[in-house]
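Input: a single structure, listed below in structure tokens.
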Amino acid sequence: MPDTLARQLPDVAESPWLHRLPPASRFILQGGAAARGAAALVWGVEFSDAPCRAMVHGERATLWLGPDEHLLLDRTGTAGAAVERALGQTLSATPHSLVDVSHRQFALEVSGPRAAAILNGACPLDLDPERFPVGMCTRTVLGKAEIVLWRPRADAFHLEVWRSFAGYVGGLLGEIADQLDPREPTGG
């Protein structure tokens, strides 16, 4: 497995409200309650029983993507092969699927007072804090690109984007932000 930290981040024009996040280790875990319970012991982060919720401990997170599917994020980027082996050994007697998707996608952060308005220019979800509160996550679309959207803070959204959509997503977000009137306060 190539070194996670040596990866090049896709070229996305950054701004005060848009930042590429550092490389991370990512795994998709599919499995029932027994698999999630066993994985939590190795991963160090619990799995949410509530739909569309993220659980965080330190630099690791588990994001609920479906009833038996979670995205495991290690934001230090150091989980790699050793954690994958440990998870595989722990889960060997439990029905599951564990796939390293670290090279498939990267992360962006959209933040600031206009973050929700910028995202709503191409995302159909209601990002009002009462409808999409801190800790919520889901698989959705941004324009024509599938993304995973997570709200880790009141003023910030974490987007998991496939690398092949980097230019499209970055350009689309830039166009939307350029069309917003900077004098108008936006909620979210």
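Just so we're on the same page, this note's numbering is the position in the sequence shown counted from 1, plus 1. Every residue, glycine too, gets a C-beta built ideally from N, C-alpha and C.
Buried/exposed call for Gln1, threshold 16 Cβ in 10 Å: There is no way to answer for residue 1, as the model of the chain reaches only from 2 to 189.
Could you check where the alpha helix (DSSP H) with Thr91 kicks off and where it finishes? Numbered from 1 along the sequence shown, position 90 holds the residue referred to as residue 91. Run containing Thr91: 81-91, per the alpha helix (DSSP H) assignment.
With 16 as the cutoff for other CB atoms within 10 Å, does Ala25 come out buried or exposed? Along the sequence shown, read from residue 1 onward, the residue named residue 25 stands at position 24. Flag for Ala25 reads buried.
Leaving aside the five residues before and after Ala51 along the sequence, list all residues of the same chain whose C-beta is less than 8 Å from its C-beta, in chain order. By one-based count along the sequence shown, residue 51 stands at place 50. Contacts found: Trp65.
Count the other CB atoms, across all protein chains shown, that sit within 10 Å of the CB of Gln106; report buried if there are 16 or more and exposed otherwise. Counted from its first residue, the sequence shown places residue 106 at position 105. That one is buried.
With DSSP as the reference, label Val142 as helix, strand or coil. Taking the first residue of the sequence shown as position 1, residue 142 is located at position 141. In this structure, Val142 counts as strand in the three-state DSSP scheme.
Distance, Leu126 Cα to Leu42 Cα: On the sequence shown, position 41 is the one that residue 42 refers to. On the sequence shown, position 125 is the one that residue 126 refers to. Cα to Cα, the separation comes out at about 33 Å.
Would you kindly work out how many angstroms separate the C-alpha atoms of Arg140 and His159, rounded to a whole number? Residue 140 sits at position 139 when you count from the first residue of the sequence shown. Residue 159 sits at position 158 when you count from the first residue of the sequence shown. Between Arg140 and His159, the C-alpha separation is close to 12 Å.
With Ala55 as the anchor, note down where its beta strand (DSSP E) starts and where it stops. Mapped onto the sequence shown, residue 55 falls at position 54. Element bounds for Ala55: 55-58.
Taking 9 Å as the threshold (C-beta atoms), are Gly33 and Pro96 in contact? Position 95 of the sequence shown, counted from the first residue, corresponds to residue 96. Position 32 of the sequence shown, counted from the first residue, corresponds to residue 33. A contact, by the Cβ cut-off of 9 Å.
Residue interval of the alpha helix (DSSP H) (run including Arg76): Along the sequence shown, one-based indexing puts residue 76 at 75. From DSSP, Arg76 is part of no alpha helix (DSSP H); its letter is neither H nor E.
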